[in-house]
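In our numbering, the protein residues as written are -4 to 269.
Using N, Cα and C, we set each Cβ at its ideal position, and we do this for glycine too.
These figures come from a predicted structure and were not determined experimentally.
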Ligand SMILES: O=C(O)CCC(=O)C(=O)O
């Protein structure tokens, strides 16, 4: 199913990847060791009224890692020392990304695509349930937010389907707040672009079904993954920093994460030897 009746700036294709590509991606995903990051750190403590907390889910980043405690990429002001050079895409993923870029350039007006735009950044979100004091607690959702990286964002979904919405405001649940809803199926591609979907509205994942009962992703302690989503974004190269170029306090804050990553990633192993 393709895009027939979607508003300008939205694209949806199901299925987008075939069974072989899906199987290859799942084999590779099983080798990852995602991080369960804390929102804040020693040098970036919670602001008044907020508190230290783990993220809702484990994540993995490719291209550059936007550590939560470095406050994510948020142009125009929040660009310095937020994106840390990370692993490149494995070949099978790069081929998929090339196809997504091709579709975006073909589907959207030129004005939606920034100069030098390429999907050089990927956030992999692991959605599922967490074991907390002997109870499985559903953590498979994302609250209203914007992806601040410029240009189209591509989103590839694996596993149970997710109910995804664009909404006008943060934290309002009224029906009239909802601008557009879309079920994101296993192996589907969604792309969103342009002022309306990137800047004017927020997006969220309201819920993820629990129907497929398929084991996907790596083993994660006390966590049961039922959906994995890749969002591909663009960060200008000049805003991506090697670990060694971060100020000392920021290096200290993310060092435990980099050490953990280095146990399984040759990229992060090298980072620590310089
Ligand atoms: O999981 C999804 O479909 C959306 C994820 C998302 O909103 C994000 O990574 O910013």
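- For residue 198, the three-state secondary structure derived from DSSP is strand.
- When DSSP states are grouped into helix, strand and coil, residue 172 belongs to the helix group.
- By a beta-carbon distance limit of 8 Å, residue 162 contacts residue 139. Their separation comes to about 6 Å.
- Secondary structure of residue 208 (DSSP, three-state): coil.
- Boundaries of the alpha helix (DSSP H) around residue 97: 86 to 102.
- Judged by DSSP in its simplified three-state form, residue 263 adopts helix.
- Taking 8 Å as the cut-off, the beta carbon of residue 87 is found no closer than this to the beta carbon of residue 204.
- Here residue 26 carries a coil assignment [DSSP, helix/strand/coil].
- Put simply, of 116, 53, 96, 225 the residue whose alpha carbon is nearest the alpha carbon of residue 77 is 116.
- In this structure, the alpha-carbon of residue 258 lies about 44 Å from that of residue 104.
- In chain order, 139, 197 place their CB closer than 7 Å to the CB of residue 165, counting only its own chain and leaving out the 5 sequence neighbours on each side.
- Between the alpha carbons of residue 128 and residue 220 lies a gap of roughly 18 Å.
- Contact annotation, residue 47 with residue 53: C-beta distance approximately 17 Å; criterion of less than 8 Å not satisfied.
- The shortest CA-to-CA distance from residue 150 to any of 67, 251, 225, 66 is the one to 225.
- For residue 98, the closest C-alpha among the options 185, 260, 251 is that of 185.
- When the alpha-carbon of residue 249 is set against those of 201, 67, 130, the nearest one is in 67.
- For residue 3, there is no enclosing alpha helix (DSSP H), as DSSP gives it neither H nor E.
- Judged by DSSP in its simplified three-state form, residue 249 adopts helix.
- Of the residues 28, 18, 0, 1, the one whose Cα lies closest to the Cα of residue 254 is 28.
- Residue 140 has its CB nearer than 7 Å to a heavy atom of ligand 1.
- According to the DSSP assignment, residue 139 belongs to the beta strand (DSSP E) that extends over 137 to 140.
- For residue 243, the three-state secondary structure derived from DSSP is helix.
- Distance from the CA atom of residue 64 to the CA atom of residue 120, rounded to whole angstroms, is 17 Å.
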